[in-house]
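Asker: This is the structure, below, for whatever I ask next.
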Amino acid sequence: MNVNANTELERVESKKDEVYTTSADAEGNGLHKLDESYIDHTTAFAGLTRLQAMRKFWRACTFCMITAFGVIMDGYQTSLPGSVLANAGFIKQFGTVVSSSTGKISVDAQYISMWSGMAYLCQFLGNWAGGFISDRFGRRYTLYALTVVFTGGIITEIVARNYKDWLAAKMLMGLGQGLIQQGVLTYISEVAPTQLRGALMSTYGWSYALGQLFVAIALNTLNMTDPDNYLKAIYSEFVFLGLWIVALPFLPETPWYYARKEDEISAKKTLSKLYKGVEGYDIDREYNAMLVQIQEEKQKSHSNSEVALKDIFMGPQLRRTFASVFALVMQNWSGSPIIFNYTTYFLQQAGLPQPFQASVIVYCILIFSLMVSFYGIERLGRRTLILSGGMACTIFNIAIASLGFASHSSPVDNASLAFICLWVFFYAFGFAGTGWTCAAEIATPRLRAKTTAFAASTNAISGAIFNSTVPLMISATSRNWGVKTLYMFAILGGLGTIVNFFLLPETKGRTFAELDEMYDLKISPRKMKGHVTTLEESGLKQHK
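Each residue of the sequence shown is one higher than the one before, starting from 1 at the first, in the working numbering.
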């Protein structure tokens with residue numbers, strides 16, 4: 001199959017003089033005119049609108065949505081162990097610190113710090129394990145692996161009776177979260193139509209938030225009906241796991257994986273399953289377009305070998321790798337380790353009288369904002385959302401932290417909750433789905449699994465640091481900084497927004513080949529939105 005792929009590429013390369021008529025614009029960017037020999041090796045559907053793509057490729061979109069359901073499971077199972085910390089039954093089981101003034105028992109902040117830090121460390125390991133499994137065995141095998149890990153995590157939570165047992169459960173859940181972050185993002189990015197890739201990949205954030213909302217509702221219900229029996233919430237995790245196990249066998253492997261393995265039969269079989277019944281879909285043409293792009297990537301990297309980690313730091317890939325990293329790491333730098341990972345616990349420390357009910361409000365706003373971001377990510381673009389989200393979260397972090405100096409009263413509590421809700425809205429609008437979208441689609445296809453793994457694992461490292469220190473910062477039995485801790489995240493969020501202004505490209509509506517072209521031409525990320533690519537010059541795709 002390698003011979004065929006090279007032959008296809010040589011047919012294009014041998015006619016370069018005929019294919020391209022090159023001139024230079026005022027900025028020195030090459031403008032190209034293509035003839036039919038090149039057009040025959042590009043996808044025939046690049047010019048479709050989003051609505052047309054949704055109607056034509058509904059089967060591929062359905063498989064992406066099934067995969068996103070696994071993220072709902074992830075959101076529920078990884079958020080519940082953090083949110084259950086304020087449950088009365090959990091505190092009775094795992095609490096060891098007794099207040100000298102009130103006599104109330106609480107969970108040791110050092111235990112909370114250790115649980116969170118080790119969970120994020122395992123998430124880091126899961127990111128890299130997912131990248132290895134995806135490249136070696138297939139994207140779908142990563143999804144199978146995370147299912148096994150999550151099953152083990154739930155069982156461990158059920159039998160846990162001390163902080164060491166709960167630590168083991170948190171580590172398994174962290175490992176599973178690392179696997180699902182890498183596996184789901186890579187899978188959707190390789191199955192989703194280009195026109196809908198941003199919206200479908202942003203379902204990661206929406207699905208995770210939906211899982212978090214279910215956690216808030218479950219714990220609020222438990223708090224009102226049977227607050228001492230925290231295991232009821234743990235048992236409910238099997239509902240999502242069971243539905244995921246039923247759906248998993250129906251997911252096909254991605255055609256890009258088979259194409260890179262030079263398995264033509266399997267790749268075309270997958271393409272026929274994804275695009276069954278699509279009028280005008282030429283499997284041979286679409287497969288050859290994939291082959292040409294893969295071989296061009298290999299030629300640029302001067303290697304036909306398996307992808308190595310060092311490849312993501314070579315040449316223009318270095319800029320792409322760090323753009324993926326900073327787009328995603330803003331989720332932690334903006335303050336989410338406080339507001340989301342310990343929602344109920346944080347609201348309790350902030351002095352709100354009904355923290356469980358407040359957490360439900362917070363997650364309802366999160367879901368609503370993510371639904372708005374579905375429209376914004378394809379209409380306004382990824383870059384606009386992330387930059388605006390960064391500025392807004394920085395402002396609200398300062399506002400919330402400043403209220404920490406005021407004495408607790410009804411107006412102060414209401415103002416705190418209002419600013420938290422505004423923070424959640426702009427966080428979800430700017431980062432929750434968009435960060436994951438950028439982390440996967442900025443990378444060139446050949447390096448996508450490794451780049452996504454690196455970005456996700458870097459995010460996990462920052463999460464491990466913050467989630468090990470934040471419980472100690474906000475706990476009344478430790479540093480007792482409370483909401484004033486958000487000053488630190490205001491500084492980090494501001495710095496991250498500045499970095500993203502210079503590093504982050506606009507990928508809205510761009511094919512992977514177009515992104516490769518712009519990075520090869522060394523177009524500034526700030527100017528990529530207005531750059532006219534070769535594909536657009538050919539008339540196959542309209543510049544927007």
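Here a beta-carbon is modelled for each residue, glycine too, at the ideal position from N, C-alpha and C.
Quick caveat, the model's predicted, so the values are computed rather than measured.
Please report how far the alpha carbon of residue 159 lies from the alpha carbon of residue 63, in whole angstroms.
Answerer: Taking the straight line joining both Cα atoms gives about 35 Å.
Asker: First and last residue of the alpha helix (DSSP H) that includes residue 120?
Answerer: 109-136 is the span of the alpha helix (DSSP H), which, as asked, contains residue 120.
Asker: Along the chain, where does the alpha helix (DSSP H) that runs through residue 259 open and close?
Answerer: Unbroken alpha helix (DSSP H) run through residue 259: 255-260.
Asker: Whole-angstrom Cβ separation of residue 260 and residue 451, contact assumed at under 8 Å?
Answerer: At roughly 15 Å, the Cβ-Cβ gap does not stay under 8 Å, so residue 260 and residue 451 are not in contact.
Asker: When the Cβ atoms of the stretch 107-124 are set against those of the stretch 175-187, are three or more pairs found closer than 8 Å?
Answerer: Yes, the stretch 107-124 is in contact with the stretch 175-187.
Asker: Using the beta-carbon count (16 or more within 10 Å), is residue 58 buried or exposed?
Answerer: When all chains shown are included, residue 58 counts as exposed.
Asker: By alpha-carbon positions, which one of 251, 460, 223 and 338 ends up nearest to residue 325?
Answerer: That would be 460, whose Cα lies nearest to the Cα of residue 325.
Asker: Measure how close the beta-carbons of residue 445 and residue 116 come, nearest whole angstrom, since I'm counting them as under 8 Å.
Answerer: With a Cβ gap of about 34 Å, residue 445 and residue 116 do not count as contacting.
Asker: Note down, in chain order, each residue of its chain lying with its Cβ closer than 7 Å to the Cβ of residue 127, except the 5 sequence neighbours on either side.
Answerer: For residue 127, where only same-chain residues beyond five positions count, the Cβ hits under 7 Å are 178, 181, 182, 453, 456, 457 and 460.
Asker: From the DSSP secondary-structure annotation, give me the bridge partner or partners of residue 236.
Answerer: DSSP output for residue 236 lists no bridge partner at all.
Asker: Reducing DSSP to helix, strand and coil, say where residue 541 ends up.
Answerer: Reduced to three states, the DSSP call for residue 541 is coil.
Asker: Taking the alpha-carbon positions, what's the residue 447 to residue 328 distance?
Answerer: So the alpha carbons of these two residues sit roughly 17 Å apart.
Asker: State the CB to CB distance for the pair residue 525 and residue 323, rounded to an integer number of angstroms; the pair is presumed to be in contact (CB under 8 Å).
Answerer: The pair is a contact, with the Cβ atoms about 7 Å apart (cut-off 8 Å).
Asker: State the start and end residues of the unbroken alpha helix (DSSP H) segment that holds residue 279.
Answerer: Per DSSP, residue 279 belongs to no alpha helix (DSSP H) and is neither H nor E.
Asker: Buried or exposed for residue 284, going by 16 or more other Cβ atoms inside 10 Å?
Answerer: The residue is exposed, with fewer than 16 neighbouring Cβ atoms inside 10 Å.
Asker: Quick one: is residue 502 buried, meaning 16 or more other Cβ sit within 10 Å of its Cβ, or exposed?
Answerer: Exposed, by the Cβ-count rule.
Asker: Going by alpha carbons, who is nearest to residue 169 out of 506, 82 and 202?
Answerer: Residue 82 is the option with its Cα nearest to residue 169.
Asker: Throw me the rounded Cβ distance for the residue 545 and residue 533 pair, which I believe falls under 8 Å.
Answerer: Lying outside 1 to 544, the shown extent of the chain, residue 545 is not represented and no answer is given.
Asker: Hey, residue 500 and residue 330 are a contact pair by Cβ (cut 8 Å); roughly how many whole angstroms apart?
Answerer: At roughly 7 Å, the Cβ-Cβ gap stays under 8 Å, so residue 500 and residue 330 are in contact.
Asker: What residue range does the alpha helix (DSSP H) around residue 223 cover?
Answerer: Its alpha helix (DSSP H) spans residues 203-225.
Asker: So, at 6 Å on beta carbons, what are the nonlocal neighbours of residue 490 in its own chain, with the 5 sequence-adjacent residues on each side left out?
Answerer: Once the five neighbours on either side are set aside, the close Cβ partners of residue 490 are 394, 397 and 398.
Asker: Any idea which residues DSSP pairs residue 106 with across the strands?
Answerer: Bridge partners of residue 106: 97.
Asker: Buried or exposed, going by whether 16 or more other CB atoms sit within 10 Å of the CB of residue 277?
Answerer: The residue in question, residue 277, is exposed, as its Cβ has fewer than 16 Cβ neighbours within 10 Å.
Asker: Under 8 Å Cβ to Cβ from residue 251, same chain only, skipping five residues before and after it: list those, please.
Answerer: Closer than 8 Å at Cβ, skipping near neighbours: 63, 66, 67, 140, 143 and 187.
Asker: Using the Cβ count rule (16 or more neighbours within 10 Å means buried), how would you classify residue 246?
Answerer: Flag for residue 246 reads exposed.
Asker: Given 8 Å as the limit, is there contact between the stretch 198-210 and the stretch 422-435, that is, 3 or more CB pairs closer than that?
Answerer: Verdict: yes, contact present.
Asker: When we look at the beta-carbon of residue 196 and count the other beta-carbons within 10 Å, is it buried (16 or more) or exposed?
Answerer: Classification for residue 196: buried.
Asker: With a threshold of 7 Å on Cβ separation, who are the neighbours of residue 379 within its own chain once the five nearest residues in sequence on each side are excluded?
Answerer: Cβ within range, chain order: n/a, list empty.
Asker: Could you give the residue range of the alpha helix (DSSP H) that holds residue 193?
Answerer: Neither: residue 193 is in no alpha helix (DSSP H) and is coded neither H nor E.
Asker: So what's residue 166 in DSSP terms, helix, strand or just coil?
Answerer: Three-state result, residue 166: helix.
Asker: Less than 8 Å between the CB atoms is what I'm expecting for residue 369 and residue 425, so what's the real figure, rounded?
Answerer: With a Cβ gap of about 4 Å, residue 369 and residue 425 count as contacting.
Asker: Would you mind listing the alpha helix (DSSP H) stretches within the stretch 355-382 that are 4+ residues and don't spill past its ends, in chain order?
Answerer: The stretch 355-382 contains these whole alpha helix (DSSP H) runs: 355-379.
Asker: Is the beta carbon of residue 427 less than 9 Å from the beta carbon of residue 213?
Answerer: Contact: no.
Asker: By DSSP, does residue 76 sit in helix, in strand, or in coil?
Answerer: Here residue 76 sits in helix by DSSP.
Asker: Is the beta carbon of residue 228 sitting closer than 9 Å to the one on residue 163?
Answerer: Cβ atoms of residue 228 and residue 163: not closer than 9 Å.
Asker: Could you give the residue range of the alpha helix (DSSP H) that holds residue 337?
Answerer: 336-339 is the extent of the alpha helix (DSSP H) around residue 337.
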